[in-house]
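First the structure, in the form of structure tokens, and then the observations on it.
Residue numbers (our numbering): -15 to 177.
Next comes the structure, spelled out in structure tokens:
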């Protein structure tokens, strides 16, 4: 960064001189990250009384709250926990999730629950990018969850493995998930290079 005249100019403007060091980079990056707030999606507008859901989006919201919000909750649509969602082990990546950190077999295949803000735009999905569409993710949860010893109990209810959803319910849930996309945030020139 010291070789880049633009960065030296910006550091001088921010810190009073053009000295670029690790501490200043961390401070500048931290301050920049604090400005990155996605809070103007259609979902946010509905919540603030500035818009309304279509019937499909509303149905999706209701289904989401009943079937998905145990893990995807709060303003960021994540509880930030680690969970085993029944993804089959992929030897190509040799990734056993949280187990690699804790070496506790109870953490095998547990991965952090991601935020769903702007999820429409963040494919590929899952920890290893194995799914390229939201429909594929929902199909996995309804039809392909692997019953593992430490599978999250939420995915083992009433003798059923996974989350039972019909094709129509999946369409509704996807319609709702798309309301979490904040186009203003995504196109904000302040965050563009």
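The beta carbon of each residue, even a glycine, is placed where N, CA and C say it ideally should be.
Straight-line Cα distance separating residue j from residue i
i           : j           : result
residue 166 : residue 42  : 18 Å
residue 113 : residue 129 : 16 Å
residue 24  : residue 168 : 7 Å
residue 143 : residue 131 : 11 Å
residue 6   : residue 171 : 29 Å
residue -14 : residue 9   : 11 Å
residue 91  : residue 77  : 17 Å
residue -8  : residue 175 : 19 Å
residue 162 : residue 29  : 13 Å
residue 75  : residue 83  : 15 Å
residue 73  : residue 79  : 8 Å
residue 133 : residue 46  : 30 Å
residue 108 : residue 0   : 42 Å
residue 145 : residue 32  : 37 Å
residue 155 : residue 38  : 13 Å
residue 2   : residue 11  : 14 Å
residue 56  : residue -11 : 43 Å
residue 184 : residue 69  : Lying outside -15 to 177, the shown extent of the chain, residue 184 is not represented and no answer is given.
Counterpart residues of residue i in DSSP-defined beta bridges
i           : result
residue 241 : One cannot answer for residue 241 here, as it falls past the ends of the chain, which runs -15 to 177.
residue 81  : 94
residue 68  : 94
Closest Cα partner of residue i within the set the options
i           : options              : result
residue 13  : 46, -5 and 51        : -5
residue 153 : 84, 116 and 52       : 52
residue 66  : 156, 17 and 110      : 110
residue 16  : -2, 76 and 29        : -2
residue 49  : 72, 173, 158 and 175 : 158
residue 103 : -8, 36 and 164       : 164
residue 101 : 72, 3, 4 and 27      : 27
residue 60  : 72, 22, 85 and 69    : 22
residue 71  : 34, 120 and 3        : 120
* Mind listing, in chain order, the continuous alpha helix (DSSP H) runs of no fewer than 4 residues lying wholly within the segment 96 to 157? => Counting only runs of 4 or more, we get 118 to 123.
* Validate contact between the segment 132 to 139 and the segment 96 to 105 using beta carbons, cut 8 Å, 3 pairs -> Taking 8 Å as the limit for Cβ pairs, the verdict is that the segment 96 to 105 does not touch the segment 132 to 139.
* Check whether the segment 143 to 162 touches the segment 120 to 127, counting contact only when three or more Cβ pairs, one atom from each stretch, lie closer than 8 Å. => Between the segment 143 to 162 and the segment 120 to 127 there are three or more C-beta pairs closer than 8 Å, enough to call the two in contact.
* To do: For the segment -14 to 16, list the alpha helix (DSSP H) runs that are entirely contained and at least 4 residues long, ordered along the chain.
  => -11 to -1, all fully within the segment -14 to 16.
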